[in-house]
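Residue numbers (the numbering used here): 35 to 778.
Rendered as structure tokens:
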């Protein structure tokens, strides 16, 4: 454990008010930039004191937000306690400040905690409020562990809670999340009106965080509603109501299945440092009339609510979990009603079956699923049973951004346990939410409005629902029960026929394409004929091998293999994006992925500013990695050049490496096969001053930008051409009269 606080590159960028790429450039340009004291090659950590001093000597802004100061003080004072547990202890301490008599308070910070942390925490609580202070710290932890936690976007959780609710969007009964993580879905259910919240999470520290997030939400809401007099005293649990939705005929309340049993009483926890929750130590008390019960168990193996029949179940299970209990759960009664024991490699379907088993008749299950589950051959038996029994009501294909920090999309499955007196459903709704042109600009309000309006329209009239071609479709059950049982919305909504509205959109796209084509010419650098040369390199030259020996350049050869490569669009959480030579040539994002075990270590991870070089079709292709490439892995055929920015301009280096003059560096393998090997150290550069390098590097950069934008425009032009042609065939577009064309 380091004695001083550490910061990541992203935190340094926030301190200085710059982007992450600027920090990467500082590391290359300035020899006195502090060296990493921890972390990894792809995610280095730097001593906070050293970074602060360096920024001040460079006359750069230094402003570490108070929440960041608390975070670093917490990290350095926690000793051997896990960071997640430390965050939970801080939450307990903050909760005691605003609700000392709250039945869910479980202690606070341990006595050895540093005085500095306590003082900073006091300041943060005074300035932000206890609830916001805890949310700041939890967000910081979640961001730092996003790849492990794979959190769903809060907006996605809110949408799923609304899908589980009646048309008024209010949940009034009990809601279960059997894989609740940090409580994002239960929090969405609470905000949608649920009064009885139940969750399970295999990680006891995350279970405690989930309970704290829910409790802070309730306490804050109670304080706001009670005004200056302060929050009201906690009351008893509210009664669980029957699920109410427009997707069933009305009938007397009451379920034919057993309701949730009353929780066993337990003594109040002792004061002092709280122990992590265990199956025998549930969080189960009412707060301001809302019942919360969070258990620290794995729901598939150790079901904490075997008799529960919840009004709604929300779930975001771990994707691709292999060890979910297939061997020991072969005769579990949960599988019998819903298609039998799921295959070992279909854990997500096991979660669906568990959710259905814990749902009351008339209740909904809304689950976030990997897109591959909709069509994998191993799961078609269970998918067919879900369709045949009328349990599956809708599948919504969501765009990238639904699972935070990951570039893959996901599907939302909506299921419902029909009542015995109801006629069986006849159709399943499929919705495809289009991807935004810029992934970071996902319009969540528009997505929520579109999906919910579509869902409510379908629920009102399933058989008469008319879908929007290319976007939505109501498919009869019998059409789904084919050999594949393909539940992929993209397969079911089809390409669609053009509509009048689509025609107007296409004309707009065509105009945007024309404007982009006009802009392309301006991207080319302004060049002139060089005087006094015959076109051959003039002056002194140096090989990359010589630059490596002087320390001005580092060559990193990837240790990855092609064995574990899969298409990037099909990746699951836990796989790393991989750049291959075709990506380098096209200037495109990573097209492949692989597991960390096949990636060969952190040194093969790409950083912004790296020069990526590969052999492709007898030529050398090279480009400079940008922020979007950072964190990707170089494939076995891609080499990484890391230059000392004080002596080598990256774009100058990339431009000359890819030149025809260096083609001799590409040669066949010793076996005489058609495979090509690149000996990048043989590449030759002219010896130029840094200013001359930057001038040439700027030209190479503009040429690269021109090539990438031209490639993208060409791809878009082909799509626009096909769509405009379909619009003409569908008679929603037509050529303008010749006289009107001539007058333009």
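Where a beta carbon is used, it is the ideal one built from N, C-alpha and C, also for glycine.
Expected contact under 8 Å - CB spacing of residue i and residue j to nearest Å
i	j	result
residue 9	residue 756	For the chain, the structure presents residues 35 to 778; residue 9 sits outside this window and is missing.
residue 372	residue 420	7 Å
residue 397	residue 451	6 Å
residue 413	residue 377	7 Å
residue 582	residue 715	7 Å
residue 642	residue 55	5 Å
residue 668	residue 592	4 Å
residue 248	residue 231	6 Å
residue 195	residue 222	4 Å
residue 586	residue 678	5 Å
residue 176	residue 216	7 Å
residue 747	residue 454	Actually they do not touch by this definition, with Cβ atoms about 58 Å apart.
Within 8 Å, strictly: CB atoms of residue i and residue j
i	j	result
residue 64	residue 82	no
residue 522	residue 627	no
residue 422	residue 515	yes
residue 125	residue 661	no
residue 655	residue 615	yes
residue 67	residue 128	no
residue 201	residue 388	no
residue 187	residue 436	yes
residue 462	residue 427	yes
residue 244	residue 226	no
residue 208	residue 345	yes
residue 613	residue 640	yes
residue 547	residue 751	yes
residue 445	residue 621	no
residue 524	residue 466	yes
residue 327	residue 239	no
residue 164	residue 131	yes
Chain-order list of residues whose beta-carbon lies under 6 Å from that of residue i (same chain, five-residue window excluded)
i	result
residue 219	191, 211, 348
residue 152	none
residue 447	401, 403, 429
residue 728	683
residue 469	433
residue 685	658, 731, 734, 735
residue 355	381
residue 236	332
residue 57	43, 46, 47
residue 18	Summary: the structure shown does not reach residue 18, with the chain confined to residues 35 through 778, and so no result is reported for it.
residue 99	none
residue 425	449
residue 350	186, 402
residue 338	234, 329, 331
residue 663	640
Other residues of its chain near residue i: CB distance less than 7 Å, five sequence neighbours each side excluded
i	result
residue 71	36, 40, 79, 80, 81
residue 670	592, 594, 595, 596
residue 333	212, 213, 234, 388
residue 630	610
residue 77	42
residue 204	226, 227
Which of helix, strand or coil DSSP assigns to residue i
i	result
residue 580	helix
residue 201	coil
residue 296	Because residue 296 sits at a pLDDT of 42, beneath the cut-off of 50, its placement in the model cannot be relied upon, and the point is left open.
residue 656	strand
residue 339	coil
residue 452	coil
residue 672	strand
residue 217	coil
residue 466	strand
residue 56	helix
residue 208	strand
residue 627	strand
residue 720	strand
residue 479	helix
residue 124	helix
residue 563	coil
residue 267	Bear in mind that the predicted position of residue 267 carries a pLDDT of just 38, short of 50, making it too unreliable to give a figure here.
residue 768	coil
residue 78	strand
* **Length at least 3, wholly inside the stretch 351 to 438: the beta strand (DSSP E) runs in chain order** => 393 to 403, 426 to 432
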